[in-house]
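If you read the sequences in order, they're chains A and B. Read left to right, the first sequence gives residues 1 to 282 (the working numbering). Read left to right, the second sequence gives residues 1 to 227 (the working numbering). Where is the CB? At the ideal position from N, CA and C, for every residue including glycine.
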Amino acid sequence: MSSGRRLSHVSRFVQASEVIDAPQVLTPPAHRERLPVLEIEDLSVRLLLHRERIRSIRDYAIRTLKRRRDKQDEFWPLREVSVTVNSGEILGIIGANGAGKSTLLKVIAGIIPPSLGSVVVRGRIAPLIELGAGFDSFLTGRENIFLYGSLLGFSQKELEKRFDRIVRFAELDEFIDVPLMNYSVGMTARLGFAIATDVKPDLLLIDELFSVGDAAFKKKCEERMESFKAKGVTIVLVSHDLKLIGSTCRKVVWLHHGRIAAAGPADQAVVEYQKFSASSSV
Amino acid sequence: MFGFAWTVLNPLLAMVIFTMVFSRVFSNRPNYSLYVFTALMGWNLFSSGTSRGLDSIVINGPIIRKVFVPKAIFPVAAVVSQVVNFVFTLIPLFLLMAVSGAGFSLHLLWLPIPLVSLTCFALGIALLVGTFNVFFRDIKYFYEAGLLAWFYATPIFYPPEIIPDKFKFLLHMNPMYALLESLRAPIYLGAAPPLGVLLPGLALSLATLAIGWIVFHRFESRFIHYV
Numbered sequence: 001m002s003s004g005r006r007l008s009h010v011s012r013f014v015q016a017s018e019v020i021d022a023p024q025v026l027t028p029p030a031h032r033e034r035l036p037v038l039e040i041e042d043l044s045v046r047l048l049l050h051r052e053r054i055r056s057i058r059d060y061a062i063r064t065l066k067r068r069r070d071k072q073d074e075f076w077p078l079r080e081v082s083v084t085v086n087s088g089e090i091l092g093i094i095g096a097n098g099a100g101k102s103t104l105l106k107v108i109a110g111i112i113p114p115s116l117g118s119v120v121v122r123g124r125i126a127p128l129i130e131l132g133a134g135f136d137s138f139l140t141g142r143e144n145i146f147l148y149g150s151l152l153g154f155s156q157k158e159l160e161k162r163f164d165r166i167v168r169f170a171e172l173d174e175f176i177d178v179p180l181m182n183y184s185v186g187m188t189a190r191l192g193f194a195i196a197t198d199v200k201p202d203l204l205l206i207d208e209l210f211s212v213g214d215a216a217f218k219k220k221c222e223e224r225m226e227s228f229k230a231k232g233v234t235i236v237l238v239s240h241d242l243k244l245i246g247s248t249c250r251k252v253v254w255l256h257h258g259r260i261a262a263a264g265p266a267d268q269a270v271v272e273y274q275k276f277s278a279s280s281s282v
Numbered sequence: 001m002f003g004f005a006w007t008v009l010n011p012l013l014a015m016v017i018f019t020m021v022f023s024r025v026f027s028n029r030p031n032y033s034l035y036v037f038t039a040l041m042g043w044n045l046f047s048s049g050t051s052r053g054l055d056s057i058v059i060n061g062p063i064i065r066k067v068f069v070p071k072a073i074f075p076v077a078a079v080v081s082q083v084v085n086f087v088f089t090l091i092p093l094f095l096l097m098a099v100s101g102a103g104f105s106l107h108l109l110w111l112p113i114p115l116v117s118l119t120c121f122a123l124g125i126a127l128l129v130g131t132f133n134v135f136f137r138d139i140k141y142f143y144e145a146g147l148l149a150w151f152y153a154t155p156i157f158y159p160p161e162i163i164p165d166k167f168k169f170l171l172h173m174n175p176m177y178a179l180l181e182s183l184r185a186p187i188y189l190g191a192a193p194p195l196g197v198l199l200p201g202l203a204l205s206l207a208t209l210a211i212g213w214i215v216f217h218r219f220e221s222r223f224i225h226y227v
């Protein structure tokens with residue numbers, strides 16, 4: 001408990017939430033060209049792993065009477081991570097399971113607040129992590145476009161304008177007024193992808209290769225990704241597919257136990273990571 | 001659509017029940033149904049708004065874990081939806097006023113002020129209990145019991161005069177009393193709410209909202225680890 005207070009103190013000085021709020025404010029384009037789209041400085045995320053977690057006042061009272069404190073261990077999914085991604089760059093993130101890759105994406109997306117350090121994103125993020133999180137299965141596809149769209153920060157007017165295009169891309173014309181609970185997994189994912197990527201974002205976050213729908217739709221997704229790439233959208237890509245990383249990313253960060261083990265041009269970092277995993281698996 | 005009908009029917013049914021049970025007991029209150037209904041509208045806004053606000057963060061945990069959203073929208077939505085219900089309930093209220101022969105006076109224009117006070121007060125409490133509920137999940141049971149006690153401690157279905165003098169101080173410590181009395185004045189009495197009740201009520205509501213807002217923002221960055 002006491003260490004918890006100390007640390008939250010530090011994070012208040014950093015004012016993490018204000019930094020995270022920044023992406024909502026679009027900086028003028030001329031300004032944006034010069035500044036990196038994503039700047040991460042000395043980012044650490046601290047979790048408290050509760051051994052016997054207090055979940056209720058009753059627990060708390062009993063624990064206090066017995067004079068036992070909530071036992072918790074610190075765990076740092078991310079430690080002192082610093083990365084800068086310039087406009088139009090594609091950053092690859094590799095590492096073993098549990099290395100902190102997904103946590104890093106969530107911090108960039110603003111879902112998890114940094115405990116220490118800072119994250120600055122300039123422009124609009126399209127987080128392709130957990131597609132369709134926030135969908136309500138009792139609402140129709142139409143209603144969910146507005147619900148999910150507004151969770152992603154679009155205004156109702158914008159969504160009305162883009163509505164037809166989203167539905168066409170998701171290939172859901174017939175089912176758009178059907179509640180989502182009657183959709184197949186593929187249909188739901190298609191809708192999520194169509195909403196999230198309808199507008200060119202400034203920063204695209206991709207966690208693993210999302211397998212959305214059938215081969216034809218997958219191709220459509222890939223085409224859209226390619227067009228974003230061609231238009232110079234900045235991308236942060238998390239993947240275990242080293243071949244894909246090697247071919248698409250110029251810059252690669254290898255995370256190991258939450259720290260940056262290697263960072264640099266794709267070939268170097270990937271080779272180092274491969275060497276390491278080969279040696280550790282023997 | 002039927003869901004909407006229920007929001008109007010619920011206070012109506014409650015009013016009918018209270019009228020049947022208590023209108024003889026409190027026969028010195030003329031137009032007892034209107035007396036009860038007005039206060040019930042305000043009480044429902046407060047109790048449903050804060051109860052839903054209490055659960056709102058935990059229930060929307062899956063969204064908070066996956067998408068970046070300003071977390072305050074959940075308790076705010078919980079309370080605002082009850083304000084919308086309140087506005088719809090004005091329809092049966094006005095019908096009741098017409099049927100029971102209570103006059104429509106220009107003083108009804110005062111209504112927005114007690115409504116704003118009630119909303120701010122409910123929102124402040126919703127933010128507070130919503131925050132606590134993230135960390136202590138059994139707050140809910142305490143709060144529900146508290147709400148019940150609070151309901152009976154507030155002159156909603158009984159006139160304030162029946163409270164013995166030695167307990168009168170409780171009334172003045174009860175913000176809901178001031179808020180509901182300022183709501184009642186223009187509707188039930190056809191009079192302006194006494195400023196000595198209206199203004200302290202508004203001030204207290206704004207203060208509650210400010211405290212709720214500060215506490216919520218103090219803890220909201222930790223929600224992600226608890227939902």
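| Item | Value |
| --- | --- |
| Unbroken alpha helix (DSSP H) runs of length 4 or more, entirely within the segment 136-165 of chain B: which are they? | 139-153 |
| Should A:P201 be labelled buried (16 or more other beta-carbon atoms within 10 Å of its own) or exposed? | buried |
| By Cβ distance below 7 Å, which residues in the same chain neighbour B:F219 in space, the five residues on each side in sequence not counted? | T131 |
| What are the boundary residues of the alpha helix (DSSP H) that includes A:V107? | K101 to A109 |
| Quick one: does A:A133 have its CB under 8 Å from some CB of chain B? | yes |
| List, in chain order, every chain B residue whose beta-carbon is nearer than 7 Å to that of A:I195. | The premise fails here: A:I195 is roughly 12 Å from chain B at the closest Cβ pair, so nothing lies under 7 Å. |
| Verify whether the separation of the beta carbon atoms of B:P156 and B:V25 is less than 8 Å. | Note that residue 156 of chain B is Ile in the sequence shown, not Pro. It is not a contact, given that the beta carbons lie outside the stated cut-off. |
| Please report the Cβ distance between A:L237 and A:G92, rounded to the nearest whole angstrom; I am assuming they are in contact, meaning their Cβ atoms lie under 8 Å. | 5 Å |
| Mind pulling the chain B residues with CB within less than 7 Å of A:A189? | Neighbours of A:A189 on chain B: none; closest Cβ ~14 Å, over 7 Å. |
| For B:P114, count neighbouring Cβ atoms within 10 angstroms of its own Cβ and tell me buried if that reaches 16, exposed if not. | buried |
| Give the range of the alpha helix (DSSP H) segment to which A:K283 is assigned. | Any answer about residue 283 of chain A is impossible in this case: the structure gives chain A only from 1 up to 282. |
| Could you tell me which chain B residues have their CB closer than 8 Å to the CB of A:Y60, listed as they occur along the chain? | F136 |
| Answer with buried or exposed for B:G212, where buried requires no fewer than 16 other C-beta atoms within 10 angstroms of its C-beta. | buried |
| Do we get a CB-CB distance below 8 Å when we pair A:L47 with the residues of chain B? | yes |
| Taking the beta strand (DSSP E) that A:V45 belongs to, which residues open and close that run? | L38 to H50 |
| Under the three-state reduction of DSSP, which class applies to B:G130: helix, strand or coil? | helix |
| Listing by chain order, which chain B residues have their CB less than 8 Å from the CB of A:P113? | S221 and I224 |
| State the CB to CB distance for the pair A:L180 and A:S137, rounded to an integer number of angstroms; the pair is presumed to be in contact (CB under 8 Å). | 5 Å |
| To the nearest angstrom, how far is it from the Cα of B:G190 to the Cα of B:I63? | 46 Å |
| How would you list, in chain order, the residues of chain A whose beta-carbon sits under 8 Å from the beta-carbon of B:P75? | Chain A residues near B:P75: none, gap ~16 Å exceeds 8 Å. |
| Determine whether the Cβ of A:L26 lies closer than 8 Å to any Cβ atom of chain B. | Note that A:L26 has pLDDT 48, beneath the 50 cutoff, so the model's placement of it is unreliable and the number below is only indicative. No, no contact with chain B. |
| Examine chain B for any beta-carbon lying closer than 8 Å to the beta-carbon of A:I57, and answer yes or no. | yes |
| In its own chain, which residues sit with a C-beta less than 7 Å from the C-beta of B:V227, not counting the 5 before and 5 after it? | I57, V58, G61, I64, R65 and V134 |
| Return the bridge partner residues of A:T84 from the DSSP annotation. | A:E39 |
| Is it true that the CB of A:L78 sits closer than 8 Å to the CB of A:G44? | Checking the displayed sequence, the identity of residue 44 of chain A turns out to be Ser instead of Gly. Contact flag set, yes. |
| For B:G124, which option in B:S23, B:A72, B:I139 and B:G42 has the closest C-alpha, if you only look at C-alpha atoms? | B:A72 |
| Quick one: Cα of A:A126 to Cα of B:A210, how far? | 33 Å |
| Within 8 Å of any Cβ in chain A, is that where the Cβ of B:F216 sits? | no |
| Since B:I63 meets chain A, which of its residues come closer than 8 Å, beta carbon to beta carbon? | A133, G134 and L151 |
| Would you give the residue range spanned by the alpha helix (DSSP H) that B:H172 belongs to? | K168 to M173 |
| Leaving out five residues on either side along the sequence, give the residues of the same chain with a beta carbon under 6 Å from the beta carbon of A:G246. | A266 and V270 |
| Here's the rule I'm using: 16 or more other beta-carbon atoms within 10 Å means buried, otherwise exposed. How should B:M173 be labelled? | exposed |
| Check whether the Cβ of A:A266 lies closer than 8 Å to any Cβ atom in chain B. | no |
| Three or more C-beta pairs closer than 8 Å, one from the segment 72-92 of chain B and one from the segment 2-13 of chain B: is that the case here? | yes |
| So, is the C-beta of B:K66 closer than 8 Å to a C-beta in chain A? | yes |
| What residue does the beta strand (DSSP E) around A:W254 start on, and which one ends it? | K251 to H256 |
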